[in-house]
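Inspection log for the structure reproduced underneath, given as structure tokens.
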Amino acid sequence: MTNVLKRFESITRRAFEYTSAPAQEESTGVHPFDERNMHPDIASLTQKLFDDAHYAQATFEAYKYVDKKVAKLAGVSDTGVKLMMRAFNEKSPLVKLNALSSISETDEQEGYKFIFSGSVMAIRNPRGHEPNMKETPTECLDHLSLASMLLRRIEKSPWV
5 MTNVLKRFES ITRRAFEYTS APAQEESTGV HPFDERNMHP DIASLTQKLF DDAHYAQATF
65 EAYKYVDKKV AKLAGVSDTG VKLMMRAFNE KSPLVKLNAL SSISETDEQE GYKFIFSGSV
125 MAIRNPRGHE PNMKETPTEC LDHLSLASML LRRIEKSPWV
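Residue numbering for the sequence shown follows our numbering, starting at 5 and increasing by one per position.
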């Protein structure tokens, strides 16, 4: 009986997703994660949550993953904004994104410090502290796309 209820819930959530998603996403027949080329780690962690219409939880899980990934690479136990500001500090980074051999490279490092910090503060933190937070499928996809981009930027660095 519980399998029947779980299946019904899944169908109901998907129906809601398709009736609340923009027409363009509905008409392609391609999963939104494939359209947006989600990072494989983000996809494996969040796709079921997304498919079951747990959008805020999917976003929260993705940013917890980004936080843990940065902490591991930095070799520290800090989390959140403190971690990101320390890990990507342009003067003495724990996670170095480029050679830091020009003003442009230093600016890039500093910019990513603020993007990582800002995403943790503005996207992850509210979902970790506010109960029953609501999020649309499009908002979730935007948040997951940003998390994917951040992970890819880390992976692109030869210094990581």
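C-beta atoms are modelled at their ideal positions from N, C-alpha and C, and glycine is treated no differently. Quick caveat: nothing in here was measured; it's all calculated off a predicted structure.
Cα-Cα, which of the options is closest to residue i?
{"i": "VAL124", "options": "GLN113, ALA151, THR142", "result": "ALA151"}
{"i": "PHE64", "options": "SER161, THR110, ASN136", "result": "ASN136"}
{"i": "VAL70", "options": "PHE54, ASP111, ASN129", "result": "ASN129"}
{"i": "LEU53", "options": "MET153, GLU139, ARG40, SER106", "result": "GLU139"}
{"i": "ILE127", "options": "PHE37, ASP45, ALA60, ASP38", "result": "ALA60"}
{"i": "LEU49", "options": "ALA66, ASP56, PHE37", "result": "ALA66"}
{"i": "LEU145", "options": "THR32, GLY33, ASN7, ASN41", "result": "ASN41"}
{"i": "THR83", "options": "GLY132, LYS95, GLU159", "result": "GLY132"}
{"i": "GLU159", "options": "LYS95, MET88, LEU101", "result": "LEU101"}
{"i": "VAL85", "options": "GLN113, HIS35, GLY122", "result": "GLY122"}
{"i": "SER149", "options": "PRO97, ALA62, SER81", "result": "ALA62"}
In the DSSP assignment, the alpha helix (DSSP H) including residue i goes from what residue to what residue?
{"i": "LYS76", "result": "59–78"}
{"i": "PRO130", "result": "129–133"}
According to DSSP, is residue i part of a helix, a strand, or is it coil?
{"i": "PHE37", "result": "helix"}
{"i": "LYS138", "result": "coil"}
{"i": "LYS117", "result": "helix"}
{"i": "THR83", "result": "coil"}
{"i": "ASP111", "result": "helix"}
{"i": "PHE54", "result": "helix"}
{"i": "VAL126", "result": "The sequence given here has Ala at residue 126, not Val. Three-state result, ALA126: helix."}
{"i": "HIS43", "result": "coil"}
{"i": "ASN7", "result": "helix"}
Would you decide whether residue i is buried or exposed? Buried here means 16 or more other CB atoms lie within 10 Å of its CB.
{"i": "HIS147", "result": "buried"}
{"i": "PRO44", "result": "exposed"}
{"i": "LYS117", "result": "buried"}
{"i": "ALA91", "result": "buried"}
{"i": "ALA103", "result": "exposed"}
{"i": "ILE107", "result": "exposed"}
{"i": "VAL99", "result": "buried"}
{"i": "VAL74", "result": "buried"}
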